[in-house]
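Chemist: Under this note's numbering, the residue at position 204 of the sequence shown is numbered 204, and the numbers go up by one with no gaps. Got a structure for you, questions after.
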Amino acid sequence: MQILAEIHPKSTMEKTVRFISTISNFDGFNFPDGPMGLPAVHPLSLAPLVRTVASDKRIIVNQRVSDVGELFLASLALSARFWRLDVVLTRGDLPKLGKRFSSLTSEEGLKTMKAVEPKVSVGLLLSLRYPRNEVQRRMNISSDFFLVLRARSPADLVDLDKSKLIPYLIIKTARNAESLEAVGQPFISMDEVPDVLDSMKHAGVQGVLLSTAGIIKEWKS
C-alpha cells in the first residue's frame with residue numbers, strides 16, 4: 001500500500017522543493033487543482049519540478065475538467081506520459097473567479113485522454129455520499145484508480161474492488177479544526193492515523209492519500 005501526501009505549494013519554487021525533500025518518507029505526492037475554486041499554482045507546473053528531485057516517487061496531479069477542453073486534455077495525456085505522472089480528473093468546485101469554461105464530465109475527459117495515450121494512468125473521484133448502487137456503477141468505469149472521498153475505515157469500502165481505491169483521508173489538527181468543522185467533511189485525528197493506515201493496508205487498498213487541508217507544515221509533526 002502506498003502512502004501519499006497532498007501538497008499545496010509554498011510561496012516559491014525553492015521553498016517547495018526544500019519542503020518536498022523533508023517528507024521523502026512518503027511514497028508519492030498529490031497536487032490539487034484550484035482547491036475550493038480559488039486560483040493556485042497549477043499542478044502540471046509543479047509536477048515536473050518535483051520529478052527532478054523525487055525521481056522514484058508516484059506523482060498524481062489533479063485536473064478540473066470544467067476549466068478546459070478536449071485539446072488541453074489530449075496534451076495533458078501526452079505530458080503525463082512524458083513526466084511519468086498519474087492524473088485525477090474532477091469537475092472541481094465552482095470557481096470563485098470567472099465561471100465554468102466547459103461542460104465536460106470527468107468520464108468524458110477520461111475517454112479523451114485514453115484515446116490519445118492509452119498507457120497514461122488516469123483516475124476519477126469516487127464519493128461515498130452517493131447511494132451504493134451509484135458507487136458501484138461508477139466503479140464499472142474503466143478508470144485506472146479511484147480517489148475515494150468520505151471513507152474513514154475499510155468498513156466504508158465493503159463490496160468494492162479495493163485494489164483500485166485510494167481513500168482520501170483528512171487529518172484534523174489544531175490549525176485546521178475550525179475550518180473542517182465548518183465544511184462538514186469527515187476526518188480523522190492525528191492519533192488515529194497509524195491504526196487507520198494499518199487497517200487500510202490489511203483491507204488491500206492501492207494506497208491512501210493523507211491531507212491536512214492545506215496546512216502543509218503539519219507533515220513535519
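Virtual Cβ for every residue (Gly too), placed ideally from N, Cα, C. These numbers were taken from a predicted model, which means no experiment stands behind them.
Helix, strand or coil: how does DSSP classify K111 here?
Modeler: The answer is helix: DSSP assigns K111 an H, G or I state.
Chemist: Using a Cβ-Cβ cut-off of 7 Å (strictly less than) and excluding sequence neighbours within five positions of V50, which residues of its own chain qualify?
Modeler: So the qualifying residues of the chain are I20, F29, I59.
Chemist: Can you give me the Cβ contacts of I188 inside the same chain, cut-off strictly under 8 Å, excluding the 5 residues immediately before and after it?
Modeler: If we look at I188 and ignore the five residues flanking it on each side, its Cβ neighbours are R152, L169, I170, I171, K172, V196.
Chemist: Indicate the three-state DSSP secondary structure (helix, strand or coil) for K172 in the structure shown.
Modeler: DSSP places K172 in strand when its eight states are reduced to three.
Chemist: For S221 and L97, I'd like the C-alpha separation in whole angstroms.
Modeler: With a pLDDT of 41 at S221, under the threshold of 50, the modelled position of that residue is not reliable, and the figure given next carries that caveat. Roughly 34 Å between the two C-alpha positions.
Chemist: Give me the DSSP bridge partner(s) of G207.
Modeler: Answer is Q2.
Chemist: What separation, rounded to the nearest whole angstrom, lies between the Cα atoms of V116 and I166?
Modeler: Using only the alpha carbons, I get a separation of about 25 Å.
Chemist: Report yes if the C-beta distance between D33 and R64 is below 7 Å; otherwise report no.
Modeler: Cβ atoms of D33 and R64: closer than 7 Å.
Chemist: Quick one: measure Cβ to Cβ for K201 and M1, integer angstroms, because I've assumed they're closer than 8 Å.
Modeler: K201 to M1, Cβ: 4 Å. Contact.
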